[in-house]
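Under this note's numbering, think of the first position of the sequence shown as 56, with each following residue one higher.
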Amino acid sequence: MPDFGRTLRILIQAVIITLLLFFTISWINPSYWNWSVISSQSLLPYALIIFGAAAILTLIPAIGSAVYRIITRLLLGIKAGLTSLPFAIQVILWILIPGAIFYFLRGRSYIYGDGHLILGHISEGQIISKTAYGFSLLAKFLYSVVGIGKWMEPAAFMTWISIACGIIFVFFLYKVLESLVAGDGLRIILFLVCATSAIAVLFTGYVETYSILTAWLAVYIYAAIKYLRGKTGTPFIILIYAIGIFWHIWFIAFLPSLIYLINRRFIILSERIILALSALFVIGIYLVGRTFTRSGIPAALPITGNADTDYAIFSMQHIVDFFNVLIFAGPAIGVLGIVLLLIFMKKMKTDIFRMLAYLLVPAIIISFFIDPALGAVRDWDLLSIFAVPAAIFAATIIAQRNKSKVRYRFLMIPILILGVIHTGMFVAINKKPHTAVDRIVTLLKHDVHYTEDYYDGERIIPFVSILANIYDLEKDATVFTERKVASGTKDYTDLKHLGDLHYNQNEYEKALEYYAQIPREYMTNLRDRMSYANALYQTGRYDEAWEAMLQIARDTSFLALHFRMGNIKLMSGNADSAVQLYKEGVPLTPDTASYLVSVADNLLAYSEYKHAAELFRLGYGSNPENIEAEIGLGLALQKLGYPDSAGYYLKDVLRDHPGNYEALLGLAVLLYDKEDYDSSLKVLGKADQLHPEDFGIQLWLGNNYRELGRHNEALRAYQLALSIYPNHVQTRHFAALELYRTGDLRTALEQWNQVLILDSLHTGALLGITRVHDKLNNISEAHRALVRLQQTGFDLQSDSAARRLARKYLNEG
C-alpha cells in the first residue's frame, strides 16, 4: 500500500512546481491564456527571486522544514500571547484585527461584476439584486430605513458591508479549522493559507453580493461539522442553510450536502440514492440554467457550439477560462483541493470528508457549466463558490494524522508565499481604479463574450456604457461598439451610439459616417439631432449644418443652437445676421457677460471690430467686474482706431489687476502702434517679470527693439521667442532680418530657408534670400530666388530693394 505521506508530498510538490512555472511564464509573458495571474513588469525581478525561493523551499525538505519550524514557533508565540488576554479583549481583537486589515487593503475599483449597477440601486433605494434578495433587503434597510445613507456614500457603505462579512468569514474559517486540525502550528499556517487566498478580496470593499454568500458558507460548514458530531439539531442546520439561500440564491448549490447531513443522522436512504439525487440535482440546475436567461443569454453553457455562440462547455476557451478560475480563486489551495479530492475521495470514509465532498463536487460542476457572462464584467467571483470547500477539504487531508515519516507539512509555506503574492497583486490593482479598468479592457478585447460572435454582441453595449459614461474611455468603448455594429443584429441605436462615441472624441467625419446610416425618423431626440448638426458644422458642411439647425430651431431654442448658427453666418460673411443670432441667445444664458465675451471674441477673430466692440460693451455693461469683457472692449476699440479709449479700458483693468497678461500685452501693442516704443518697452518689461519666457512678450520686445534700431537686443528677443514657438513664421523672418542687418548673412540665409520650409511662398523670405545671395555675389542663386519671388505674384516695383534687384538680375525698370 502506497505511503500516504510520500504520496501527499509528491502531489503537493507537483502542484506547487506547476503553479510556480505557470506564474513565472505568466509574469514574463502576460496573455489572455493566463489572465488569472496579475503581474507587474517593474516587479518582475523581485517576483522571480521569490518564485525561486519558493521552489527551493518546495524541493529541499531540510530547508523547507527549518523555515516551517521557525514560522510556526513565531506564530505559536503570538497565539499564546493573544489567548492569555481576557475573553472580552480576544473578542474585540477578533473584530478589530481582520477589520483593520481588510480596511487597509480596501479597493476602489467597481468595474467588476455589477459593481456600478449595485451602487446606483443603493443610491436610488432599490433592491440590489433579485438573486441576493435577503442581502438586498438588509442593505436597503440599513442604507435607507436606518439612515446610513445620510452620512455615507453607497461605495463606502458596501465597503463596510464587505469588511463585516470578512470578519465573520475569518472567525468561522478559524473555528472550522480548529474543529478539523489538531496541531496548533499547522492549524494557524493552514488558516493563513486559506485567509490569504484570493477569496479575501471579496472582503476588501468588493462591491458585489458574494461576500455574504462566502461568509455564510463558512458559518454553514462550521454548523455542519457540529451537526455531524451531534452538537446541533436538524432544525438548526436547516435554518442555517435556509438563511444562506435567503442571503443569496446561489447557496442552493450546497443542497446535496444538506441532504447528506440529514440522511447521515436518520439513515433514510442509501448512499447510492444520495449520490443519484445529487447528480439529478446538478442536472436539474443545468437544465434550469439553459432556460433562465439574462439579457437573452442562458445562464448555463450549451454542451456544444450553436448558432448563438461557439463558447460551449468543452470549448477550448472555456477550458482555459475555467483553469484560470481555479488559479484565480486560490491560487494553490483551490487546485490542490480538487487534486486531492480526485486522488483520495474513495479512501476518505469519514463523515467530515464526505460532507465536504458533497459541498465541493456539485459546486465545481455548477461553476464549470455556468456561463461567465451570467454576471457582468469579469464576474469570476460568482464561479468560485467551490473555493472555500476546496480549501477546507485540502486542509483536512493535509492535517490527517498518519504513521508516515515523510514530511510534507512544510510545503504550506511556499503555498502561503504564492497566495500572498497573488492576492497582494489583485488587491494592489484594485486600489487604482483606472489600472484595474485598463486590465479589464485588455482582457475583454480577447474574450469571446465581448465579440459579435457571442449572442450577436449582447454583452458589449452594457460594458461600453460603463467605459464611456463612468471612465471616459471612449476610445476603448469605440473598439467594442464597432464589434456590435459588425454583428448581424446591429440596429440604429448601435449606429447612433457609435456615432456619438466618435463625436465625443472630436472624430466628426467618422461620426457622420454612422449618423448618415440612420434614417432621420430615428434621430428625433433633440440631443441626437444637435449632435448630427454639430458634426456637419465641425466638418465644414455649413450649408447642411444650417439646414439641420434651422429644423431644430423650429421646435426649440437653446443657447448652443444660437451660438452655432451665429458662427455659421459669421463664417459665411454675414456678420449682421450673426450678431442678431448671438443676441437671441442672451436671454438663454445664466452668465450674460461670459457668453457675450465668447461671441465677441469670434467677431474679433473675423476682424468684425465694430460688432465685436458692441458686444464687448454689452458684456461689460452687464457685469463691470468681468475683466475679459473690458480687455476685449479695449482691444476692439484699438482695432477701430480709438487708441485713447482703448488705453482707458486696458489701464482700468491694470489698476485692479496689475499683472493681467492680456491687458499688459494689449497696452504694449497699443503703445507700439502709437510709436511710443520706450513706453511699450516699459510695459513689456513689467510683463516679462510677471510672465517670463512668454512668446508674445518676447515677440513684441523684439518688434520694439527693431523699431528703435537696437538690433542685437531685437535679435535676442526673437531668438528667445523662437525657442518657445519654433514654427512661428513671421518671428523667424524678423530674426533673419536682424541677422542680415548685423551682417551675419549666412545665418540669416539659414533662417530664411527655414521660413520657406514652413511657408514656401513667403515673399519676405524670398526677397531676403535674394539680397543675401546678391551680397555674397552668388549671381545664379540670387537670380533663381528673385524669379521665385516674382512667380508668387509679388510686385517687384513695390519695394525699393526689389526694384534694384530686378534691374540688376531681370533687366526690369
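Using N, Cα and C, we set each Cβ at its ideal position, and we do this for glycine too. The model shown is predicted, which means the values in this text are computed figures rather than measured ones.
Taking all protein chains shown into account, do 16 or more other C-beta atoms lie within 10 angstroms of the C-beta of D527, making it buried, or fewer, making it exposed?
It counts as exposed.
R161 burial status per 10 Å Cβ neighbour count (16 or more: buried):
With 16 or more other Cβ atoms within 10 Å, it is buried.
In this structure, does DSSP put P517 in helix, strand or coil?
Of the three classes helix, strand and coil, the one that applies to P517 here is helix, per DSSP.
My guess is that T818 and L860 are in contact by the Cβ rule of under 8 Å, so how many angstroms apart are they, rounded?
Actually they do not touch by this definition, with Cβ atoms about 13 Å apart.
Closest to V641 by CA distance: which of L625, G674 and E663 is it?
Of the candidates L625, G674 and E663, the one whose C-alpha sits nearest the C-alpha of V641 is G674.
Alpha carbon of L550 to alpha carbon of S520, nearest angstrom
Their Cα atoms are separated by approximately 14 Å.
Applying the 10 Å Cβ sphere with the 16-neighbour rule, what's the burial state of Q606?
So Q606 ends up on the exposed side.
Could you give the first and the last residue of the continuous alpha helix (DSSP H) run that contains I72?
Note, I72: alpha helix (DSSP H), F59 to I83.
With the cut-off set at 8 Å, would you say I382 and V70 are in Cβ contact?
The answer is no: Cβ separation not under 8 Å.
Got a sec? Which residues, its chain only, sit under 6 Å from H176 by beta carbon, not counting five neighbours each side?
Excluding five sequence positions before and after H176, the CB atoms of its chain that fall closer than 6 Å to its own CB belong to I183, given in chain order.
Between the beta-carbon of V540 and the beta-carbon of L553, is there less than 8 Å?
For V540 and L553, yes; Cβs fall inside 8 Å.
Assigned exposure category for N622 - 16 Cβ within 10 Å defines buried
Per the 10 Å Cβ criterion, buried.
Mind checking whether S94 and W82 have CB atoms under 8 Å apart?
It is a contact, given that the beta carbons lie within the stated cut-off.
By Cβ distance below 7 Å, which residues in the same chain neighbour M400 in space, the five residues on each side in sequence not counted?
Cβ-Cβ distances below 7 Å link M400 to A412 in the same chain, with the five nearest sequence neighbours on each side left out; the list follows chain order.
Grab the span of the alpha helix (DSSP H) containing P574 for me, first residue to last.
It is not in any alpha helix (DSSP H) - P574 carries neither H nor E in the DSSP assignment.
Find the nearest neighbour of L131 within the set F246, G344 and S653, judged by alpha-carbon distance.
Checking every option, the nearest Cα to that of L131 belongs to F246.
Should L643 and F613 be called a contact, given that it needs their Cβ atoms to be closer than 8 Å?
Remark: C-beta atoms of L643 and F613 approach each other more closely than 8 Å.
Return the CA-CA distance between E836 and H828, expressed in angstroms with no decimal places.
The straight-line gap from Cα to Cα measures roughly 6 Å.
Exposure label - F448; buried when at least 16 CB within 10 Å
It counts as buried.
Quick one: residues in its chain with C-beta nearer than 8 Å to the C-beta of H489, no 5 flanking neighbours on either side, listed in chain order?
Taken in chain order, the residues that qualify are Y526.
So, is V842 buried or exposed, given that buried needs 16 or more other C-beta atoms within 10 angstroms?
Burial state of V842 is exposed, judged by a 10 Å Cβ sphere holding fewer than 16 other Cβ atoms.
Limits of the alpha helix (DSSP H) - the one that W149 falls within:
Unbroken alpha helix (DSSP H) run through W149: F142 to F159.
Reducing DSSP to helix, strand and coil, say where A772 ends up.
Helix at A772.
Element boundaries [alpha helix (DSSP H), containing Q593]
Q593: member of the alpha helix (DSSP H) spanning L581 to Q593, first to last residue.
Given this structure, state the Cα-to-Cα distance separating V256 from I452, to the nearest angstrom.
Answer to the nearest angstrom: the Cα atoms are 25 Å apart.
Buried or exposed by the 16-neighbour rule on C-beta atoms within 10 Å, applied to I267:
So I267 counts as buried.
Do you know offhand how far L709's Cα is from E639's?
Straight-line Cα distance between these residues: approximately 32 Å.
Based on DSSP bridge pairs, tell me the residues matched to Y352.
Per the sequence shown, residue 352 should be read as Ile rather than Tyr. DSSP output for I352 lists R349 as bridge partner(s).
Looking at N759 and S735, is the spacing between their C-beta atoms short of 8 Å?
Yes.
Spatial neighbours of E685 in its chain, beta-carbon cut-off 7 Å, leaving aside the 5 residues before and after
Take E685, set aside five residues on each side of it, and the residues of its chain with a beta-carbon closer than 7 Å to its own are Y675, Y704, D707 and V708, in chain order.
For L437, name the three-state secondary structure that DSSP assigns.
Low per-residue confidence applies at L437: pLDDT is 49, beneath 50, and the placement is therefore not dependable, though the value from the model is reported in the following sentence. Reduced to three states, the DSSP call for L437 is helix.
Sort out for me which residues DSSP pairs G512 with in a bridge.
None, per the DSSP bridge assignment.
What are the partner residues of I425, as DSSP defines its beta bridges?
In the DSSP output, where bridge partners are listed per residue, I425 has A355.
Alpha-carbon to alpha-carbon, I425 and S312:
Distance from the CA of S312 to the CA of I425, rounded to the nearest whole angstrom, comes to 20 Å.
Sort out for me which residues DSSP pairs G474 with in a bridge.
Looking at the DSSP assignment, G474 forms no beta bridge with any residue, so it has no partner.
Return the residue from the list E513, T506 and I111 that minimises the CA-CA distance to V534.
Checking every option, the nearest Cα to that of V534 belongs to T506.
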